[in-house]
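Participant: Have a look at the structure that comes next, please.
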Amino acid sequence: MTEHPAQIPLPGSPESKRTSEGKSEAAAAKPDLGPSTSVRAGTEGFWFGRPRAQLNADESPAQQNLTRSETTAWARFTAEQEQRKNTDARLQAALEDNRREQTKLHEEYQKLQVTNAQMSDAQRWTQVEQRQHLEALERLAEQRVAAETEKRKEDETRTQYLLGVQKKLQEAEIRARQEELQRIHDERAAETRAEHDVELLRLTEEHV
């Protein structure tokens, strides 16, 4: 049964030592189920398919102690290899988690960059729109000022024309009144001369 990487003790820790010792004791206490094929490399050479009971019978106590030591060392080596394998798996899992986290952070950073770029584009576009709007308002104000100036000029021209017409009318009216007065004066003078002539003629006739 493979342990979860988070449950595997680190090498050199008390839990790692207890695990290795427990595995060694379990390997030493395992009953012999009959002939088995074992391959061991060492100073003693290679043994193939010899029954353990026969080995125990043929070996001396020193050799038996050496065999037990080799068995214990082999079990410890196997446990350490398993421990190293589990540690590697745990480190690999941690590396995978770190890689996923880095990938996630990189994606978030890219999203942030895209968002900043979009905000910059939107801000730049807003500034362009504001500038265009201000330019349009300035042009409209200039057009209004120009139109107002032109209208004022037209009003002044119209006023001057009307004043000129009014002046001419007044002058014509004055001349007409003067002519009328002169005509009346001439008529009265003529009547006065005629009356004077008639009176003078009457007086002359009376003295004759």
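Residue numbers (the UniProt record's numbering): 1 to 208. We put the CB at the ideal spot given by N, CA and C, even for glycine.
Quick one: is Ala194 buried, meaning 16 or more other Cβ sit within 10 Å of its Cβ, or exposed?
Facilitator: Exposed, because fewer than 16 other Cβ atoms sit within 10 Å of the Cβ of Ala194.
Participant: Within 10 Å of its beta-carbon, does Asn116 have 16 or more other beta-carbons around it, so buried, or fewer, so exposed?
Facilitator: Exposed.
Participant: Which of helix, strand or coil does DSSP assign to Ser69?
Facilitator: Here Ser69 sits in helix by DSSP.
Participant: Quick check: what's the CA-CA separation for Gln110 versus Thr103?
Facilitator: In a straight line, the C-alpha of Gln110 is about 10 Å away from that of Thr103.
Participant: DSSP three-state label for Ser120, please.
Facilitator: Reduced to three states, the DSSP call for Ser120 is helix.
Participant: When the Cα atoms are used, what is the spatial distance from Lys167 to Glu206?
Facilitator: If I take the Cα positions, the gap works out to 58 Å.
Participant: Under a Cβ-count criterion, where at least 16 other Cβ atoms within 10 Å of its own Cβ denotes burial, should Leu86 be classed as buried or exposed?
Facilitator: The amino acid at residue 86 is misidentified as Leu; the sequence shows Asn. Counting Cβ neighbours within 10 Å, Asn86 comes out buried, since at least 16 surround it.
Participant: Express the C-alpha separation of Glu82 and Thr67 in angstroms, rounding to a whole number.
Facilitator: Those two C-alpha atoms are separated by around 22 Å.
Participant: What's the C-alpha gap between Glu150 and Tyr161?
Facilitator: One C-alpha to the other measures close to 16 Å.
Participant: Checking contacts by CB at 8 Å: is Arg100 closer than that to chain C?
Facilitator: In the structure shown, chain C cannot be found, because there is only a single protein chain.
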